[in-house]
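Residue numbers (mature numbering (1 follows the signal peptide of the UniProt record, and there is no 0)): -24 to -1, 1 to 553. Ideal placement from N, C-alpha and C gives every residue a C-beta, glycine not left out.
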Amino acid sequence: MNKSLLIRLFCTLGLFWTASHFLAAQSIPIIIQPVTDIPDKLNIPKDFSAKDSADASTKLRNLRFNIVEAGYLTAGFDSLNFGKDTIYAFLNFGNKYKWANLDKGNIPEEYLTAIGFREKLYRNEPFSPKALSKIMEQALKLAENNGFPFASLTLDSLKFRDGEIDAQLNIELNQFTLIDSVIIKGGANTNRNYLQSYLGIKTQVPYSQSVLDKIPGRLKELSFLRVIKPYEVGMRPGKADIYLYLDNKKASNFNGIIGILPDRETGKTQITGDVELNLLNTLKHGETIKLKWQRLQTKTQELNLEFDYPFLFSTPIGIEAALNLYRRDTIFSQVNALAGLQYYFKGGNFARIFYENNQANVISSDAFSINQYIDSRTNMYGVGLNFRRLDYRYNPTKGFFVETSVAAGQKTILKNPEVDDSEYDDLNLKSDIYNAKLNTGKYIPIGNRSTFLLRVRGAYLLNENMFRNEIYRIGGLKTLRGFNEQSIFASAYAVGTLEYRFILEENSNVFAFFDQGIYEDRSTDNTISDTPFGFGAGINFETNAGIFSLTYALGKQFNNPIEIRSGKIHFGFISFF
């Protein structure tokens, strides 16, 4: 590097230091005085103002960097004159440099192909420090991600002559290194093979820095583990050991409420309630077991069971199973069963295939006579995708998520022996059926502690004959707030959500929301459709015992007015164990 370039660099740094003291507590105009002719195609401001010393230094520095990026490597400020209320910056552009040649040196061909390097792109082209830095950084990252954590990259044979630069790339790969083992330190008893699969760490494969860089974020999403301290890498000749410092964390949870009410018709005591049990990592393999029982009306109740087991036998394959039992008064019941396989990508995202069997049963033959309920069996096969990229899964401020599935199959209508055969004359007893579901959203950060959630949830059921005991039931805390749980029947629906959250702590927030829904019910002779909406506010607050939640919501549908007395209060307390 020539002496002229070094002198300008040191002079520029000295002038910035002087300017920062002069501008310590003033807002002052800065006028640019070119010492040499302004080069063509360079857009140089004649003047600008700085609000303080830091702002002045930043703007002058950025101006010089932009000029250097255009190829004027020796550009700098010869002097700064400080007037009574104005600063004059005397700018010298120096000579413009271009590439004479940038030789690939000893960079492996596969690296050059991956970073898109071509020597002809660096002949008679303006010299760009940013572009040079980019290709050198990309080449170095390739080495670090392919078994060479100690690689270094330099410019050799650097020559400046007649406004041209000639250089050669030189990479020192140094010791080839394999990831040898993953060692868990601390009280965590989670299966090591599961953790390796979840984190995407394989042993006896080339060292990859990009895989290790993702460890902190992925561990943060595991609610049943607590990170004691950041991971460490222990190096031996040709070997790398990954040390994870983890402890168990209470993540399984229970929440619910039980009530005892007298039955108005029989006078007998009835039990009502809403109970949910989530068991996480009880088998030490990252699995999830869920049980939910709900009986909000004396003759209507629902039971949900779910089971997910990821990374079966240390492979990317997971299994899932679910069972839903629903009974509505003395009118109908539903039994829905699902079994599927999941293919996991790194970080817990997965694609899935599944089989679903749905049974709809009429309890009372009188219900069939109104042509809304029927006995049927449905078998469907489907595919789905679950993908999320959030900064923190349980209380995110930025990122997005997508959960979607499509399924197709056949529906069979069963004749009820208590119903006259003539009722079936206009029905196709076997027909094709299609089902699609979507749940997606994006968190948009506003400052450091606030975020907006934009979300869309929806589903669509297509069949030539649909009945009320086969379609979706929406409303309540999980779908459309401000309405009773599962109070709206829909063959197709969509709910858009706009929600503002203010983050109190890692697992605590206050929020305000607006849910806008649209649905149609084609299970009746006359299609019913509406655009209900709900709005309200709430809080989730973490304590030592668990998470307390409270939501107040109002809803409106059809032409009914909004009534404060009809507001829905959702209260919950999740206890961890």
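Is DSSP giving residue i helix, strand or coil here?
| i | result |
| --- | --- |
| Asn535 | coil |
| Asp351 | strand |
| Tyr174 | helix |
| Lys362 | Reading off the sequence shown, one finds Asn at residue 362, where the question assumed Lys. Reduced to three states, the DSSP call for Asn362 is strand. |
| Lys196 | helix |
| Gln185 | helix |
| Ala(-1) | Residue confidence for Ala(-1) is low, a pLDDT of 46 falling below 50, so the modelled location carries little weight and cannot support an answer. |
| Arg40 | helix |
| Glu481 | strand |
| Thr527 | strand |
| Gly375 | strand |
| Ser551 | strand |
| Thr380 | strand |
| Gly324 | helix |
| Ser505 | strand |
| Ile14 | coil |
| Thr500 | coil |
| Ile540 | helix |
| Asp491 | strand |
| Leu33 | Here the sequence assigns Ser to residue 33, which means Leu is not the residue at that position. Correct three-state label for Ser33: helix. |
| Asn19 | coil |
| Leu369 | Note that residue 369 is Arg in the sequence shown here, rather than Leu. Three-state DSSP puts Arg369 in coil, outside helix and strand. |
| Met(-24) | Residue placement at Met(-24) is flagged as unreliable, the pLDDT there being 47, under the threshold of 50; the coordinate-derived value follows with that caveat. Coil at Met(-24), not helix or strand. |
Of the choices the options, whose alpha-carbon is the least far from that of residue i?
| i | options | result |
| --- | --- | --- |
| Ile494 | Asp138, Ala529 and Ala435 | Ala435 |
| Glu148 | Asn122, Ile83 and Asn19 | Ile83 |
| Gly423 | Asn169, Phe376, Tyr476 and Ser309 | Tyr476 |
| Phe524 | Val311, Phe489 and Asn231 | Asn231 |
| Phe465 | Arg457, Leu480, Asn445 and Thr473 | Asn445 |
| Glu539 | Leu530, Thr130 and Leu526 | Leu530 |
| Phe443 | Ile7, Thr354, Ser104 and Leu88 | Thr354 |
| residue 634 | Ser398, Ile389, Gly417 and Lys418 | Residue 634 cannot be examined here, being either before or after the span of the chain that is shown, -24 to 553. |
| Asn324 | Leu361, Val338, Phe330 and Ser309 | In the sequence under discussion, the amino acid at residue 324 is Gly, which differs from the Asn named in the question. Taking only the C-alpha atoms, the option nearest Gly324 is Leu361. |
| Tyr349 | Thr500, Arg433 and Ala327 | Thr500 |
| Ile447 | Gly543, Phe511 and Ser467 | Ser467 |
| Leu429 | Phe489, Ser398 and Gln180 | Phe489 |
| Gly472 | Glu86, Pro508, Phe326 and Gln462 | Pro508 |
| Gln533 | Leu175, Gln180, Glu481 and Ser505 | Ser505 |
| Tyr331 | Arg304, Leu299, Lys35 and Arg303 | Leu299 |
| Phe308 | Asp351, Leu188, Asn280 and Phe289 | Asp351 |
| Phe363 | Lys391, Arg328, Gln386 and Asn57 | Arg328 |
| Phe58 | Lys544, Phe93, Ile155 and Ile6 | Ile6 |
| Phe376 | Val432, Asn392, Gln185 and Asp28 | Val432 |
| Asn404 | Asn441, Ala107 and Arg37 | Asn441 |
| Leu456 | Phe487, Ser426, Gly512 and Lys406 | Gly512 |
| Ala90 | Lys35, Ile20, Lys110 and Glu461 | Lys110 |
| Leu474 | Asn536, Tyr419 and Glu86 | Tyr419 |
Only counting the same chain, and skipping five residues up and downstream in sequence, which positions put a Cβ closer than 8 Å to that of residue i?
| i | result |
| --- | --- |
| Pro192 | Val203, Pro206 and Tyr207 |
| Ile4 | Ser25, Ala26, Ala32, Asp61, Thr62 and Ile63 |
| Ile293 | Phe287, Leu317, Gln318, Tyr319 and Tyr320 |
| Lys72 | Pro15, Ala46, Gly47, Tyr48, Pro102 and Gly139 |
| Lys178 | Ile155 and Gln172 |
| Tyr368 | Lys196, Glu197 and Glu482 |
| Arg449 | Gln462, Ser463, Ile464, Phe465 and Ala466 |
Below 7 Å CB to CB, which residues in the same chain sit around residue i once its five sequence neighbours on both sides are set aside?
| i | result |
| --- | --- |
| Ala1 | At Ala1 the pLDDT is 47, less than 50, meaning the model places this residue with poor confidence and gives no usable figure here. |
| Leu(-19) | Here Leu(-19) scores only 47 on pLDDT, less than 50, and its place in the model is too uncertain to base an answer on. |
| Lys260 | Asn165, Thr166 and Asn167 |
| Val311 | Leu301 and Gln335 |
| Leu116 | Ala127 and Leu129 |
| Gln270 | Asp250, Gln277 and Glu278 |
| Asn483 | Tyr370, Asn371, Glu518 and Ile523 |
| Ser340 | Thr306 and Ile307 |
| Ile550 | Asn229, Asn231, Gly522 and Ile523 |
Leaving out the 5 sequence neighbours to the left and right, which residues in its chain are closer than 6 Å to residue i when beta-carbon positions are compared?
| i | result |
| --- | --- |
| Leu78 | Tyr98 and Ala143 |
| Val359 | Ile329 |
| Ala297 | Phe283 and Ala315 |
| Lys374 | Asp367, Tyr419 and Pro421 |
Scan the region 84 to 161 and note each continuous beta strand (DSSP E) run of 3 residues or more that stays entirely inside, going in chain order.
128 to 137, 140 to 148 and 154 to 161
Go through the region 396 to 447 residue by residue and report every complete run of the beta strand (DSSP E) that reaches 3 residues or more, in order.
406 to 422 and 426 to 438
Only counting runs of 3 or more residues, tell me where the beta strand (DSSP E) segments fall wholly within the region 220 to 308, in order along the chain.
229 to 238, 245 to 256, 264 to 273, 276 to 285 and 293 to 304
Three-pair Cβ contact test at 8 Å for the region 135 to 142 versus the region 111 to 127
no
Take every Cβ of the region 218 to 233, pair it with every Cβ of the region 247 to 259, and state whether three or more of those distances are shorter than 8 Å.
yes
The region 50 to 67 touching the region 8 to 17, judged by at least three CB pairs closer than 8 Å:
yes
With three or more beta-carbon pairs closer than 8 Å as the criterion, would you say the region 153 to 162 touches the region 210 to 225?
yes
At least 3 beta-carbon pairs within less than 8 Å: the region 405 to 419 vs the region 378 to 395
yes
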